[in-house]
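Numbering (this note's numbering), first residue to last: -11 to 1206.
For each residue, glycine too, the CB sits at the ideal point set by N, CA and C.
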């Protein structure tokens, strides 16, 4: 029966991708289902083992425990003082960092730093042998620090005081003295290396030194550190100012080169532009390590680095906000955990500008949610046409969360940040109102502003290009999912499940734009054809409801991703290379792990294999193929764990598909099947209760078998599809049409859809294939502590993560490796200019390359020559580039000198030729003139000579007249400047004699008559000029006089206006005084009445317009009691007296200033200033006058009340006596 079942299941489980992989498997005769074929490599040309390397004594062909193997304990303790060697291992090269310690010299006499001795792989093993007793003595003598492992597993720093056999006496940094074993000691780096930005710079590479270096940098908020080609990022769990615009500019201009995600992006972009190859930036680490934030900063910097379409850049940067809102949630390990994997591809043009982008997502909690209550599976070998399989719906994060966790962020953001109108349309309540959200005690994340993030989400949707109508549809579906959770069921009298008709069912039908009857039918009607009397239970109805809600949300997320990609491709042009940024869910382990954690951890296993392949495997394989001498680095390979998942036909995923497609399978039968077929794998262990454990690269995880088959099945609910298709909203219709297309295609090929596990494995295979076609750049994200607290670094917690990713092995490999590699022909093409003309060198590339290296005395320890490639250590190619640049600069200087000399010779030759030509032409002209003159008579010659003399005389006269005219013009200019100066200050120049006029007392001798005549001419000219200037001055004087007359007229008008205003103010003041006097006069009590005051009139009463001295009617106050004394009256009139005095003073001041306007140089400006001061004073004076009047009124009211009280009191007291 099992054979028949196997023959049935095979065509339905395997996809086209798996069939291709199976063909590759048969070709290679390997029993493992491998990822897509990797680039082919040439056949091995390995040489015989070097004489400097000897094989182990017990070496046997096919021995699994050969020299290459090493147990975990020995690997962990490598490099310590107490590692003992057996005699048979003496000839093996040691891995201790103390190999070749202080004082050792090479054969050429040069001293070698013992901490760097592992960088010399060509040294023989015997030259690196040492006795650890000498090392202990050296550390005691130099008082060097060492690391010691305590029994608790923690590391402490101390100094060795003494030794006794295998034990040492250690003085700790806190003053304690302890005993320790030599095997628990590791050397510590000097203090000057604390906080090194690259772990390759450490003298001693061991576990405690690496952790101490990372902790030292983390305490100073330096979260990035390099480990060779790898970038380590420690999550700060707080905001750091290391992503500001000035930092971005500094890295874009290559002004900074310290470890940073921006530096890694710079490297990827430079290599893409240089080599034209696709690049990938891969982020790895467990959940909560900060991968999402680092990926976001990498994409933002990449868009700012390349430029291009700014609109596309904004869309790319804001798309992460949308995906975070719909795809991230709070878990027990991370408040912003990605529940999906994301690969962002950025496509570039040949000039390095971004032209388009694309986002791929993987596994949103579950790729396809099982929606069937009943699945009909056609078995070819069975007599029955349909077999009924009852399923229990998988409760995804949408409908169920663990305690302390939240659902997706969008639910809480919508409830907190929606506008009042949107809440009314969607009938939204608080998040705690909905059953899908209140099952967990975590409704709000401390420090998370859901309301602000919702507004940011709306802005991002608009930037990406999702219209308002689609936004309304998206929020309607999110609200519909929440209201679906509030739908309840009851069991009727006939046993049929009924939907409770309340606000929930009506709200869901309104939000989905479907019929309430259709919704109730889809949720409460069984999907069974064989037995029409079957009925749903309440549990099955709840499962149907949750399945519908989960599917709507997953489909909505997929639609958003499609819309984002469509927006990115709007400006798509010719694409060149790409840079991909991979941010995938991290390794997870909880108290209860299920199918989701299994898939997530499998994806991390496959990425870890990709990590090991490019950082360790390929490098060592290439060294072996090229015959390079190097120290082989052993690392933890996770291939056995991958075999556990991918092996065909008895791998975990294959067995899971087999059980999922079986009619009578259950979770227990699946567990028993795993135990039967996978017990031989070292990474698998069966647990009690049918559970099982898998030993991953990051640790052992125990999985709960419950729900595995349910979550893996991919089936469809016909009623739910019909419900979505009947909705008026276009999004549910779109979701239903896609499902129908998938169903039709599956029926067309007569096969079932692939199960979830198989689909997810295919996605990971395609992802690996895509990554293999690019040059990888790895970023390892570290979670510093388990409590998500900033500034807390738990060494043991972080060390586990570093140990899982093999950081020590990566650094050790690249310290003794050769990062720069090129073929012989590439090297000759690049540096062939350095060879020069050497006749005795062969013309093959290898001989030329060797001659170049020897000619320029490149140290043999800095490179190795392989069969097809040259391998260089870090920085050596840069030195060759400097030498080449110097040679090119020298050749350029020689070319410049040669060109200069050639040009000078050409110029001299040309100059000589021009001079010769000119002399020839002048001679020819002279000869022609001479021959012409010989033909003339003497009379003609005399007339010609006279004519020539006259011409010369005329030329001389014209030159003299021109000189005199220029001098006269200069004198006129100076006189004009002098006149201008006199116009501004006539008093200074009143008595000065004009320049050029003779003094009165000057004595003139007859011999100077000619000079006097010349001066007279000049004086006449000056006099005429001065007369013209005087005429201009008179005209200017007349203009000033006319202006002055106008100013005087304006002043008179102003004085009249001021007099009127003064009269008005005096009248107002007199009215106030009279009013006060009237209040103080005794009279009969009468009703208190107030008439309008002239001081409360409009501004026209005190404006500078037409003003009259008439005042408004005076206010009439009531009688004042006789008890008011003169002091009270004086107290009342004191404010008015002060105002009257101020009025008189101001009047006098303004009169004086008005009279002095004529003495100023600029009376108009003075007049404006005077107006402004008067207006300000008038405004202030009116305010104070009103205040005084109000005060007087209040006093009048108070006096009247007191008089009434006194009068009433007197009358009341007189009544008893009468």
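Q) Between residue 945 and residue 937, what straight-line distance do the alpha-carbon atoms span, to the nearest angstrom? A) 12 Å
**Q.** Same chain, Cβ closer than 7 Å to residue 871, five either side skipped, listed in chain order
**A.** 822, 844
Q) Nearest CA to the CA of residue 868: which residue from 883, 850, 856, 884? A) 850
(Q) With a threshold of 8 Å, are at least 3 pairs of Cβ atoms found where one atom belongs to the region 951 to 967 and the other to the region 1005 to 1019? (A) yes
**Q.** N-terminal and C-terminal residue of the beta strand (DSSP E) that residue 763 is part of
**A.** 763 to 770
Q. Based on the DSSP output, what are the partners of residue 581 in its beta bridges?
A. 691
(Q) Given this structure, state the Cα-to-Cα distance separating residue 304 from residue 257, to the nearest angstrom. (A) 17 Å
Q | As assigned by DSSP and simplified to three states, the class of residue 25 | A | Confidence at residue 25 is low in this model, with a pLDDT of 42, below 50, so the placement of that residue should be treated as unreliable; the coordinate-derived value is given next. Three-state result, residue 25: coil.
Q. What is the rounded straight-line gap between the Cα of residue 778 and the Cα of residue 225?
A. 5 Å
Q) Below 8 Å, can you find three or more Cβ-Cβ pairs linking the region 132 to 142 to the region 165 to 174? A) yes
(Q) Closer than 8 Å is the cut-off here; do at least three beta carbon pairs connect the region 665 to 682 with the region 475 to 487? (A) no
Q | Spatially closest choice to residue 170 from 180, 162, 155, by CA coordinates | A | 155
(Q) Can you look up residue 511 in the DSSP assignment and give me helix, strand or coil? (A) helix
Q. If you draw a straight line from the C-alpha of residue 1183 to the C-alpha of residue 1061, how long is it?
A. 15 Å
Q) Should residue 960 be labelled buried (16 or more other beta-carbon atoms within 10 Å of its own) or exposed? A) exposed
Q: Answer yes or no: do residue 841 and residue 812 have a C-beta to C-beta separation smaller than 8 Å?
A: no
Q. Leaving out the 5 sequence neighbours to the left and right, which residues in its chain are closer than 7 Å to residue 583 when beta-carbon positions are compared?
A. 695, 696, 699, 700
Q) Looking at the unbroken alpha helix (DSSP H) that takes in residue 575, where does it start and where does it end? A) From DSSP, residue 575 is part of no alpha helix (DSSP H); its letter is neither H nor E.
Q. Leaving out the 5 sequence neighbours to the left and right, which residues in its chain are closer than 7 Å to residue 1131 when beta-carbon positions are compared?
A. 1053, 1057
**Q.** Residues bridged to residue 349 (per DSSP)
**A.** 330
Q) How would you label residue 1174, buried or exposed, when you count the other beta carbons within 10 angstroms and need 16 or more for buried? A) exposed
Q | Supposed contact pair residue 470 and residue 541 - C-beta distance, whole angstroms, cut 8 Å | A | Rounded, the Cβ-Cβ distance is 10 Å, inconsistent with contact.
(Q) Rounding to the nearest angstrom, what Cα-Cα distance links residue 480 and residue 597 in this structure? (A) 57 Å
**Q.** First through last residue of the beta strand (DSSP E) which encompasses residue 180
**A.** Residue 180 -> no beta strand (DSSP E), and no H or E assigned at all.
**Q.** Inter-stretch contact at 8 Å, needing at least 3 Cβ pairs: the region 1033 to 1047 / the region 1150 to 1159
**A.** yes
Q: Kindly list the residues whose CB is nearer than 8 Å to the CB of residue 761, restricted to its own chain and excluding five residues on each side of it in sequence; keep chain order.
A: 266
Q. Starting from residue 269 and walking both ways along the beta strand (DSSP E), at which residues does that stretch end?
A. 267 to 272
Q) Can you list, in chain order, the residues of its chain whose CB lies under 7 Å from that of residue 319, leaving out five sequence neighbours each side? A) 275, 325, 393
Q: Taking 8 Å as the cut-off, decide whether the C-beta atoms of residue 593 and residue 691 are in contact.
A: no
(Q) For residue 285 and residue 307, what's the separation of their Cα atoms in angstroms? (A) 13 Å
Q) Are the Cβ atoms of residue 800 and residue 193 separated by less than 8 Å? A) yes
Q. For residue 771, which option in 127, 142, 220, 160 has the closest C-alpha, if you only look at C-alpha atoms?
A. 220
Q: Would you grab the beta carbon distance between residue 641 and residue 647 for me? Rounded to a whole angstrom, and I think it's under 8 Å.
A: Rounded, the Cβ-Cβ distance is 11 Å, inconsistent with contact.
Q) Using the rule of at least 16 other Cβ atoms within 10 Å of the residue's Cβ for burial, across every protein chain shown, is residue 196 buried or exposed? A) buried
Q: Determine the extent of the alpha helix (DSSP H) in which residue 683 is found, giving its start and end residues.
A: Per DSSP, residue 683 belongs to no alpha helix (DSSP H); it is in the beta strand (DSSP E), 680 to 684.
(Q) Could you check whether the region 782 to 798 touches the region 617 to 625, counting it as contact only if at least three pairs of C-beta atoms, one from each stretch, sit closer than 8 Å? (A) yes
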